[in-house]
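Protein chains: 2
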Amino acid sequence: MINRQGKYTMTFSDSIITGYGSVAGKKESQGPLAENFDKLIYDPRAGQDTFEKAESLFQQEAVLAALGRANKKAEEVDFIFAGDLLNQCISSSYGLKVFDIPYLGQYGACSTMAQSLIMSAVMVSGGAASSSVCVTSSHFCSAERQYRFPLEYGGQRTPAAQWTVTGSGSCVVENSGKGVRVSAATIGRIIDLGISDANNMGGAMAPAAAQTICDFFRDTETKPSDYDLILTGDLGYVGAKCLYELSQREGYDVEGYHNDCGLMIFDRKAQDVHAGGSGCGCAASVLCSTIIPDMLNGKYKNILFIATGALMSPVSTQQGLSIPAVAHLVNLTV
Amino acid sequence: MINRQGKYTMTFSDSIITGYGSVAGKKESQGPLAENFDKLIYDPRAGQDTFEKAESLFQQEAVLAALGRANKKAEEVDFIFAGDLLNQCISSSYGLKVFDIPYLGQYGACSTMAQSLIMSAVMVSGGAASSSVCVTSSHFCSAERQYRFPLEYGGQRTPAAQWTVTGSGSCVVENSGKGVRVSAATIGRIIDLGISDANNMGGAMAPAAAQTICDFFRDTETKPSDYDLILTGDLGYVGAKCLYELSQREGYDVEGYHNDCGLMIFDRKAQDVHAGGSGCGCAASVLCSTIIPDMLNGKYKNILFIATGALMSPVSTQQGLSIPAVAHLVNLTV
Chain C
972 MINRQGKYTM TFSDSIITGY GSVAGKKESQ GPLAENFDKL IYDPRAGQDT FEKAESLFQQ
1032 EAVLAALGRA NKKAEEVDFI FAGDLLNQCI SSSYGLKVFD IPYLGQYGAC STMAQSLIMS
1092 AVMVSGGAAS SSVCVTSSHF CSAERQYRFP LEYGGQRTPA AQWTVTGSGS CVVENSGKGV
1152 RVSAATIGRI IDLGISDANN MGGAMAPAAA QTICDFFRDT ETKPSDYDLI LTGDLGYVGA
1212 KCLYELSQRE GYDVEGYHND CGLMIFDRKA QDVHAGGSGC GCAASVLCST IIPDMLNGKY
1272 KNILFIATGA LMSPVSTQQG LSIPAVAHLV NLTV
Chain G
972 MINRQGKYTM TFSDSIITGY GSVAGKKESQ GPLAENFDKL IYDPRAGQDT FEKAESLFQQ
1032 EAVLAALGRA NKKAEEVDFI FAGDLLNQCI SSSYGLKVFD IPYLGQYGAC STMAQSLIMS
1092 AVMVSGGAAS SSVCVTSSHF CSAERQYRFP LEYGGQRTPA AQWTVTGSGS CVVENSGKGV
1152 RVSAATIGRI IDLGISDANN MGGAMAPAAA QTICDFFRDT ETKPSDYDLI LTGDLGYVGA
1212 KCLYELSQRE GYDVEGYHND CGLMIFDRKA QDVHAGGSGC GCAASVLCST IIPDMLNGKY
1272 KNILFIATGA LMSPVSTQQG LSIPAVAHLV NLTV
C-alpha cells in the first residue's frame, strides 16, 4: 500500500530490497570502497570495442549480481527501471535488452538511481508488480567524451569539477521477503538558482538536495538527528558545503549526519579527483556495495538516500543557460 | 487499485484523463488535423532565440491547456512525468521547471507519451497521487540538427524516412472525475531484429509494436475486433506494413482496425513527409487533439494506443549498432 504524507512525501508498506549488486572500474578499485564491490573491471573497455558497450556490460553485471542475491531469474521480474548519462540512455537500452524484462527508461541525470528505486517501490507497493529491478550506470570515458572533451585532449579540470564514476549498481525490489525496506520517498521539484558553470555540478545540485530534504522533514515532522545517515548522491566537496548552508537557512542542521557517495568512493587526497566522484553510477554503486550491506549488518537502521541530478545538456550549456537540478529522496529502514 | 492480468498486463480501476491539451507547428497546421489542436504556433522559434527553448514553450502550452480543461492549478498536481527526444531531455527539464511540480523524467524515445500516461495511471490508481500530469514533445528543427544534419545542409531524405512532428501533447490523470479511462496497460520489452538504418525508424519499431500488442491480446484473451481502433504512435507507412505482417504471424489480423498517428497528422500525398510523421510529439499531439475528443464525443468507445520508441542514439548509429525498440500499450475506454 502507498499512502501520502504531507505535500510531497509518500510511504510504502510493502517494498523490500531483496537483492543488490555493484560493479566498479579501476580508479574505484584504488579507492576506500574497493573491497565492497561485487566485481571490479580494470579494463575501461571491459573487453568490448567501445566505452559505451563496456558501460552496458557494467549494467548487465550489476543486474546479474542483484538477481543472484534475490535468488530471482530475469523472467520472474515484472519491470526494470533504468537510466544513465549517455545521450538517449543507450547504456541501458543496449545493455538490458538481453534480459527481455518489460523496460521503463528513466532520465534524472545523477538522480536516476533514487528515481528508479522509488518507481520500483511504487510498482510493488501499488500492486502493479511483485518484483521490479532498478539499475543505473556511468563511465568516466564515455561521459567525458560526451559532456566535455575527448580524453586524448587532456583538458585541465577546475577545482569544483568532479570525477565521473565508472560503475553500476542495481537493486531487486519485491513486495515480500527479507532485506532493507523502502519506507518512504519524496520526489523532487526542479530548481535552478542560476549556476551556469558546467564544471560545478555540486553547486548546481545542492539547492535541489536541500529543497527535497527539507520537504521531507516538514512532511514527516522529523529532523536530521532522527536518522543514522543522510547520504547524498554526488554533491562532492563543493556541493556538500552549499547543502549545509542552504538547509541551515531552513532550520535543519544536516552536517553532523551527512555523507556523500562522491566523497566516499574516492580518497580525495590520494586520487586527484578534485571535488569528488559523480555520475549515475556513483550513488548506485556506493548504495549497492556499501550502504545496503551496512544496513543489513546493523551499522545503520534508518537512513535517507538523496540522489541529485543536474538536468542540463552540452547544448544548453553552449547556449548559455543555467543548470536546473532535481533531487529525489528515499527513506531506507531495517 | 491495480491488478495484474496475464504475464505483462496490468489493469487500473481508478484512472481518468480529466484534462488534455495539444500544441502544434506550421507544417502540422497544413495537415488534416489542423483544426483539432488547442494552439498552432507558426514560428519554429516561437518567439524564443533557440529551437530548444521553443520546444520547451510547446510543452508549457500543452500542460496549461490540459490543466485548464481539468480545472486544476499546477500546485494541486502531485507529479509530472515528461520526456522528449533531445539529449538529456532538456525540452522537458527547462520547460517544466516553472510549474514547480515534483518531476519524474522519462525516456522511451517516441514511446514516451504512452509510458508517461501509464506511469501517471500507476501513481493515481496505486494510491501515490490524486492527480498526475504527463507531457511529451518533439520539434523538427531541434531533432534534425541533433539526430541527422543541420537544416542548412539540405540533406536528401530517403523514402522510409519520417518527418519529426513539431508539437506537444499533455494529459491530466486523476483518481476520480469525468473523462476517458485508462483501463489497462502493457509495458513493452526491448526487441532488436537487427535493423541498422537510422532512416527506417518504422521498420525498426514495428517488431516492438507487434510484440506488445500480441502480449496484450494473449494476456487479456481479446482480439483486434474487440477494439474500435488500434492506434500506433509513429510507425508510418513502412512500419505499419511490417506490423501487419508480424502480427499476422502471431495469429492477429490488426490491419482492418489500425491507424497510425504518423499517418494521421500529415497528408502524405500533399505534404512531402515520405513515410509519415514521427517524434515524441506526434503520438502525444494526435492523442490529445483528436483521439481523446473523439472518445468523448462517442466516435470510439474502446481503443488501444501503442506508442513505439527507437532506443538508438547518433553515437550507437555511428558505431554501427542495430536499433533496439520498445512499445508500450494503453487501453483507453469510455
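So the protein sequences, as listed, match chains C and G. With our numbering, letter number 178 in the first sequence gets 1149, and the count goes up by one each step, no holes. With our numbering, letter number 169 in the second sequence gets 1140, and the count goes up by one each step, no holes. From the three backbone atoms N, C-alpha and C, an ideal C-beta is built for every residue, glycine too.
| Asked | Found |
| --- | --- |
| Runs of 4 residues minimum, wholly inside the region 1145–1219 of chain G: which ones carry the alpha helix (DSSP H) assignment? | 1172–1191 |
| Pull up the distance between the alpha-carbon of Asn1170 (chain C) and that of Val1069 (chain G), whole angstroms please. | 24 angstroms |
| Within the 8 angstroms Cβ cut-off, does Cys1142 (chain C) reach chain G? | no |
| Is the shortest distance between the beta-carbon of Cys1185 (chain G) and the beta-carbons of chain C less than 8 angstroms? | no |
| Determine the chain G residues that contact Asn1058 (chain C) at a beta-carbon separation under 8 angstroms, and present them in chain order. | Asn1058, Gln1059, Ser1284, Pro1285 and Val1286 |
| First and last residue of the beta strand (DSSP E) that includes Asp1055 (chain C)? | Phe1050 to Asp1055 |
| Please confirm whether Phe1188 (chain G) has its beta-carbon closer than 8 angstroms to some beta-carbon of chain C. | no |
| Under a CB-based cut-off of 8 angstroms, is Tyr1124 (chain C) close to chain G? | no |
| Over what stretch of residues does the alpha helix (DSSP H) that includes Gln1289 (chain G) continue unbroken? | Pro1285 to Gln1289 |
| Which chain C residues sit within Cβ distance under 9 angstroms of Gln1077 (chain G)? | Leu1075, Gly1076, Gln1077 and Tyr1078 |
| Any Cβ of chain G within less than 8 angstroms of the Cβ of Asn1302 (chain C)? | no |
| I'd like to know whether the C-beta of Arg1160 (chain C) is nearer than 8 angstroms to at least one C-beta of chain G. | yes |
| In chain G, what lies closer than 7 angstroms to Gly1174 (chain C) by C-beta? | Result: empty, since nearest Cβ-Cβ is about 17 angstroms, beyond 7 angstroms. |
| For Ala1129 (chain G), is the classification buried or exposed, using 16 other Cβ atoms within 10 angstroms of its Cβ as the cut-off for buried? | Correcting the residue type first, residue 1129 (chain G) is Thr in the shown sequence and not Ala. Thr1129 (chain G) is exposed by the Cβ-count criterion. |
| Under 8 angstroms, do Pro1285 (chain C) and Tyr1118 (chain C) count as touching if we go by C-beta distance? | yes |
| Could you compute how far the alpha carbon of Tyr1271 (chain C) sits from the alpha carbon of Val1209 (chain G)? | 56 angstroms |
| I'd like to know whether the C-beta of Phe1050 (chain G) is nearer than 8 angstroms to at least one C-beta of chain C. | yes |
| What did DSSP end up calling Val1244 (chain C) once you bin it into helix, strand or coil? | coil |
| Hey, quick one: how far does the alpha helix (DSSP H) through Cys1081 (chain C) stretch, first residue to last? | Neither: Cys1081 (chain C) is in no alpha helix (DSSP H) and is coded neither H nor E. |
| When the Cα atoms are used, what is the spatial distance from Ser1062 (chain C) to Ser1096 (chain G)? | 31 angstroms |
| Look at the Cβ atom of Pro1015 (chain C), then the Cβ atom of Thr1135 (chain C), and state whether they are nearer than 8 angstroms. | no |
| Assuming contact is defined by CB atoms lying nearer than 8 angstroms, are Cys1251 (chain C) and Leu1202 (chain C) in contact in what I supplied? | no |
| Within this structure, are the beta carbons of Ala1278 (chain G) and Ala1246 (chain G) separated by less than 8 angstroms? | no |
| For Cys1060 (chain C), collect the residues of the same chain with a Cβ closer than 6 angstroms to its Cβ; drop the 5 residues on either side in sequence, then sort them by chain order. | Gly1054 and Gly1076 |
| If the cut-off is 8 angstroms on Cβ atoms, which residues from the region 975–1007 of chain G count as contacting chain C, listed in chain order? | Arg975, Tyr979 and Met981 |
| For Lys1306 (chain G), which residues from the same chain have a beta carbon less than 6 angstroms from its beta carbon, with the 5 sequence-adjacent residues on both sides left out? | Outside the shown range of chain G, which is 972 to 1305, sits residue 1306 (chain G), and nothing can be said about it. |
| Nearest chain C C-beta to Met1084 (chain G) closer than 8 angstroms, yes or no? | no |
| May I have the straight-line CA-CA distance separating Ser1113 (chain C) from Gly977 (chain G), to the nearest angstrom? | 39 angstroms |
| Could you give the distance in angstroms between the alpha-carbon of Leu1267 (chain C) and the alpha-carbon of Val1151 (chain C)? | 7 angstroms |
| If you measure between the beta carbons of Arg1131 (chain C) and Gly1174 (chain C), is that distance less than 8 angstroms? | Inspection of the sequence shows that residue 1131 (chain C) is occupied by Ala rather than by Arg. Yes, the Cβ-Cβ distance between Ala1131 (chain C) and Gly1174 (chain C) is below 8 angstroms. |
| Along the region 1011–1041 of chain G, what residues have a CB closer than 7 angstroms to any CB found in chain C? | Thr1021 and Glu1023 |
| Can you pull the chain G neighbours of Val1297 (chain C), defined as C-beta to C-beta under 7 angstroms? | Tyr1074 |
| Please go through the region 1106–1152 of chain G and give each complete beta strand (DSSP E) segment of 3 or more residues, from N-terminal end onward. | 1138–1145 |
| Pairing CB atoms from the region 1097–1112 of chain G with CB atoms from the region 1287–1301 of chain C, are three or more of them under 8 angstroms? | no |
| Residues bridged to Phe1276 (chain C) by DSSP? | C:Leu1202 and C:Val1301 |
| Can you name the start and end residues of the alpha helix (DSSP H) that Phe1070 (chain G) belongs to? | Taken as a continuous stretch (DSSP letters only), Phe1070 (chain G) belongs to no alpha helix (DSSP H), as it is neither H nor E. |
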